[in-house]
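Single-structure report; data block below.
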Amino acid sequence: MRNVPIRTISPATPDAVVHAVAEAGAKGRHIEVIGGGTKRAIGVLGAADLVVSTAGLNRVIDYAPDELVLTAQPGVRIADLETLVAG
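In terms of my numbering, the sequence shown opens at residue 87 and continues consecutively.
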C-alpha cells in the first residue's frame with residue numbers, strides 16, 4: 087500500500103472541489119480531505135490517491151453578529167474567526 091498520495095490539491099472555489107471529487111470518483115480514486123492537518127491520523131483507513139486541502143477555501147461568507155450567525159468556508163482558520171468575532 088502506498089503512503090504518499092499521487093496528488094495534493096487546494097481548490098480555491100467550491101466548483102473546483104466538485105470537479106476534483108467527481109473526477110477522482112469516476113477513476114475510482116481514494117480521497118482524503120484535510121483542513122489544517124492537525125488530526126490527519128484520525129479516521130484515516132488507507133493511503134489516499136488524492137488529498138484535497140481546504141486551505142484555499144478560506145473566506146467568511148457572511149457575518150451577522152446581531153443575529154449570532156456566521157457562515158464560513160471550510161478552510162477558514164479558527165484563530166481568524168476568533169479575531170473576527172472578538173473585534
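From the three backbone atoms N, C-alpha and C, an ideal C-beta is built for every residue, glycine too.
The shortest CA-to-CA distance from residue 158 to any of 168, 169, 144 and 150 is the one to 144. Collapsing the DSSP output to three states places residue 135 in coil.
Taken through DSSP and simplified to helix, strand or coil, residue 170 comes out as helix.
Residue 107 and residue 147 have their C-alpha atoms roughly 22 Å apart.
When secondary structure is reduced to three states using DSSP, residue 120 falls in the strand class.
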